[in-house]
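Engineer: Residue numbers (the numbering used here): 2 to 251. Glycine included, each C-beta is placed from N, C-alpha and C at the ideal position. In this text, all values refer to a predicted model and were calculated from it rather than measured experimentally. Here it is, the structure in full.
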């Protein structure tokens, strides 16, 4: 009888342990599913502007189609300068509050730029007349790097804010940049290769003060449009962009 009682207790304890183990397993599985779902939701917020296979989200500034100087090469959007300049490109959609993420690579002694807030109009011949620019440059060999007190160097808010030193990789290597512009909080932010380099006011009196001390002081449309296109620059040098995505800020 005692043996039977002991055996019954052992079976009960074993069953209880298994139930506890099963409950923990179910809880872990449920937590993992929730995390994965949240990751999927976060990922789905991003809009792919270029995935290495299609340039359908882009067109030439002042044009309904893409300029032929821009091609897809090895999964990157590659620009090769032609006989005529001014082959800047812009997104088909416009954005006001957003996070833009992309990678860029510049050629030796090359120059290019990333614009936002580009207003397309017959009043403005070029995208840079309205769109502020994050500089894309070969600091080692392009003369622009030594002008403007470092505000013309790669990663700079062009002619207004200098980047941090020793963050940008040299010509021929990929750099990852994240640009955040939020007019609701009046905050802009530039992160390069994982390092936050600087913040800036997105509009208002402080923004106007920066513009007033730059080369753009007398440009009637520069930085005036909160809602605008994202743009990539033809500066007559080879440049490559890839993994371009954007997320609207609600």
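(1) Are the region 215-225 and the region 46-62 touching by the rule of at least three beta carbon pairs closer than 8 angstroms?
(2) What do you get for residue 94, buried or exposed, if any count of 16 or more other CB atoms within 10 angstroms of its CB means buried?
(3) Can you grab the Cα-Cα spacing for the pair residue 136 / residue 53, in whole Å?
(4) With DSSP collapsed to three states, give me the class of residue 229.
(5) Just the Cα atoms here: how many angstroms apart are residue 177 and residue 123?
(6) Apart from the five residues on each side of it in sequence, which residues of its chain come closer than 6 angstroms, Cβ to Cβ, to residue 175?
(7) With a threshold of 6 angstroms on Cβ separation, who are the neighbours of residue 47 within its own chain once the five nearest residues in sequence on each side are excluded?
(8) DSSP three-state label for residue 106, please.
(9) Check each candidate in 151, 149, 182, 83 and name the one with the smallest Cα separation from residue 132.
(10) Indicate whether the contact test is met: 3 or more Cβ pairs, each with one atom in the region 197-204 and one in the region 77-86, closer than 8 angstroms.
(11) What number of angstroms, rounded off, separates the C-alpha of residue 264 from the C-alpha of residue 184?
(12) Quick one: what does DSSP say residue 129 is sitting in, helix, strand or coil?
(13) Between the Cα of residue 63 and those of 89, 108, 74, spot the shortest distance and give me the residue it belongs to.
(14) Does DSSP classify residue 97 as helix, strand or coil?
(15) Using the three-state DSSP reduction, which class does residue 206 fall into: helix, strand or coil?
(16) Quick one: give me the first and last residue of the beta strand (DSSP E) that residue 247 is part of.
(17) Between residue 238 and residue 196, what straight-line distance do the alpha-carbon atoms span, to the nearest angstrom?
(18) Check whether the Cβ atoms of residue 158 and residue 146 lie closer than 8 angstroms to each other.
(19) Output the residue ranges of the alpha helix (DSSP H) runs that lie fully inside the region 123-183 and measure 4 residues or longer, sorted by chain position.
(20) Tell me residue 196's beta-bridge partners as DSSP assigns them.
(21) If distances are taken between C-alpha atoms only, which option among 250, 240, 100, 244 comes closest to residue 109?
(22) If distances are taken between C-alpha atoms only, which option among 66, 180, 73, 112 comes closest to residue 92?
Structural biologist: From the atom records:
(1) no
(2) exposed
(3) 22 angstroms
(4) strand
(5) 33 angstroms
(6) Once the five neighbours on either side are set aside, the close Cβ partners of residue 175 are 104, 106.
(7) 246, 248
(8) strand
(9) 182
(10) no
(11) Any question about residue 264 goes unanswered here, given that the chain covers just 2 to 251.
(12) helix
(13) 89
(14) coil
(15) Reduced to three states, the DSSP call for residue 206 is helix.
(16) 240-249
(17) 27 angstroms
(18) no
(19) none
(20) Note: residue 196 sits in a beta bridge opposite 193.
(21) When only C-alpha atoms are compared, the closest one is 240.
(22) 66
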